[in-house]
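Here's the structure we're looking at; comments come further down.
Shown next, in the form of structure tokens:
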């Protein structure tokens, strides 16, 4: 009972917390959704360039965009199997 | 020229179906011809909220597939001559709802009605995008609660990307309908305020529906909220008038005077 009263006494307004959490979250989510297409386009184009020289499995290409406060990083991870045939550049 | 409205939200349980029935009935009370269309295939409920559940013979999918004519599937409301319901299918697979089929039915509805109000299913899947596809106006139903606001933000993004108007480079009107609002809790700081939600979502406000036992009472009886006098009823009626282009100041029932001025300043439509 005393604990309940203590908590109640110290209870602060929760709505401002909700508001702030939403503002931070939605700023990130809006940016992420806006970029989702970009990642898809980059993935396709990078794959096309690689495929000109080495045959790779399209499932083995990972493109990730990491959004940061100051800089964002683009991570491209391509697995080239040891047996891949390397095409001669013309 | 018919106007197509989609009532949408992303999150379930925020009051899409209640709002569709209430706005549809309020528009029909003005003497305009209204069709309310349930897009929630497999989980239809608009028929129940409108009190027409025992009168359903054919549904949207029957019409889409050509098994029934539109006129056979439309159910005329028993209270309002100009209000019609096109129910969703309860048993069929939602894959039967094709984009082409929906386009045909919507075109036909637009010929016969002044307003077509589409009740969207929850979520962001095909059912929701089909419901919003042909809309001129979107009513985004939101509760003053974090998960609902987040989902509404997502739906606003979809409205700007997946509707026919957006694809043609035209503007789709988006309005916020804040439901289950409790001005006392908001004033105490325990609930997001109208201003908070408006600032976060940044779309114009269509109306504020107060939290009220009258909403449940109306659905218990199968009566659209607007047909019985109550606080949420007049809030919905005012929202419908704003949709129809009237300029009516937005008020929060039961709220202190001080905030009225602020809300007064915002344009409704």
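Chains as they are written, first to last, in the numbering used here: chain A, 1 to 90; chain B, 1001 to 1269.
No residue lacks a Cβ here, since even glycine has one placed at the ideal position from N, Cα and C.
Next on the checklist: On the CB-based measure, 16 or more other CB atoms within 10 Å of its CB, does residue 31 of chain A come out buried or exposed?
Outcome noted: Around the beta carbon of residue 31 of chain A, a 10 Å sphere encloses fewer than 16 other beta carbons of the protein chains shown; the residue is thus reported as exposed.
Next on the checklist: Applying the 10 Å Cβ sphere with the 16-neighbour rule, what's the burial state of residue 1242 of chain B?
Outcome noted: It is buried - the Cβ of residue 1242 of chain B has at least 16 other Cβ atoms within 10 Å.
Item to check | Under 9 angstroms between C-beta atoms of residue 1212 of chain B and residue 1239 of chain B | outcome: no
Checklist entry - Hey, how far is the Cα of residue 1042 of chain B from the Cα of residue 1091 of chain B? => result 6 angstroms
Checklist entry - For the alpha helix (DSSP H) that residue 1129 of chain B lies in, which residues bound it at each end? => result 1126–1133
Checklist entry - Between residue 1176 of chain B and chain A, is there a C-beta pair that is closer than 9 angstroms? => result For residue 1176 of chain B, the answer is no, since every Cβ of chain A falls outside 9 angstroms of its Cβ.
Item to check | C-alpha distance - residue 1017 of chain B paired with residue 1119 of chain B, whole-angstrom precision | outcome: 6 angstroms
Checklist entry - At which residue ranges does the stretch 8–72 of chain A contain complete beta strand (DSSP E) runs of 3 or more residues, listed in the order of the chain? => result 61–66
Checklist entry - In chain order, what residues of the same chain lie with their CB nearer than 7 angstroms to the CB of residue 1154 of chain B, ignoring the 5 residues before and after it? => result Counting only Cβ-Cβ distances below 7 angstroms, and skipping sequence neighbours, we find 1010, 1124.
Checklist entry - Which stretch, first to last residue, makes up the alpha helix (DSSP H) that contains residue 1078 of chain B? => result Judged by DSSP secondary structure, residue 1078 of chain B falls outside any alpha helix (DSSP H); it is assigned neither H nor E.
Item to check | Contacts of residue 1146 of chain B in chain A (Cβ-Cβ under 8 angstroms) | outcome: Correct list: 18, 21, 22.
Next on the checklist: Please report the distance separating the alpha-carbon of residue 1248 of chain B from that of residue 1023 of chain B.
Outcome noted: 16 angstroms
Checklist entry - Quick one: is residue 1031 of chain B buried, meaning 16 or more other Cβ sit within 10 Å of its Cβ, or exposed? => result exposed
Item to check | Range of the contiguous beta strand (DSSP E) that encloses residue 1181 of chain B | outcome: 1173–1181
Checklist entry - Do residue 1144 of chain B and residue 1083 of chain B have their CB atoms nearer than 9 angstroms? => result no
Item to check | Contact set for residue 1061 of chain B: own chain, Cβ-Cβ below 7 angstroms, skip 5 residues either direction | outcome: 1041, 1089, 1092, 1096, 1097
Checklist entry - Quick one: which chain B residues come within Cβ less than 9 angstroms of residue 83 of chain A? => result Within 9 angstroms Cβ-Cβ: nothing; residue 83 of chain A doesn't reach chain B, min ~41 angstroms.
Item to check | residue 1132 of chain B beta carbon less than 9 angstroms from that of residue 1104 of chain B | outcome: no
Item to check | residue 1207 of chain B classed as buried or exposed, judged by whether at least 16 other C-beta atoms fall within 10 angstroms | outcome: buried
Checklist entry - If the cut is a Cβ gap below 8 angstroms, which residues of chain B does residue 14 of chain A touch? => result 1189, 1190
Checklist entry - Using 9 angstroms as the limit for Cβ to Cβ distance, is residue 1128 of chain B near chain A? => result no
Item to check | Opposing strand residues paired with residue 1039 of chain B [DSSP bridges] | outcome: In the DSSP output, where bridge partners are listed per residue, residue 1039 of chain B has none listed.
Next on the checklist: Distance cutoff 9 angstroms, beta carbons only. Does residue 1138 of chain B sit that close to anything in chain A?
Outcome noted: no
Checklist entry - Is residue 1157 of chain B close to chain A, meaning its C-beta is less than 9 angstroms from at least one C-beta of that chain? => result yes
Next on the checklist: Given this structure, state the Cα-to-Cα distance separating residue 1147 of chain B from residue 82 of chain A, to the nearest angstrom.
Outcome noted: 48 angstroms
Checklist entry - When the cut-off is 9 angstroms and only beta carbons count, does residue 1166 of chain B lie next to chain A? => result So no, residue 1166 of chain B is outside the interface.
Next on the checklist: Counting C-beta neighbours from all protein chains within 10 Å, is the total for residue 1045 of chain B 16 or more, i.e. buried, or is it exposed?
Outcome noted: buried
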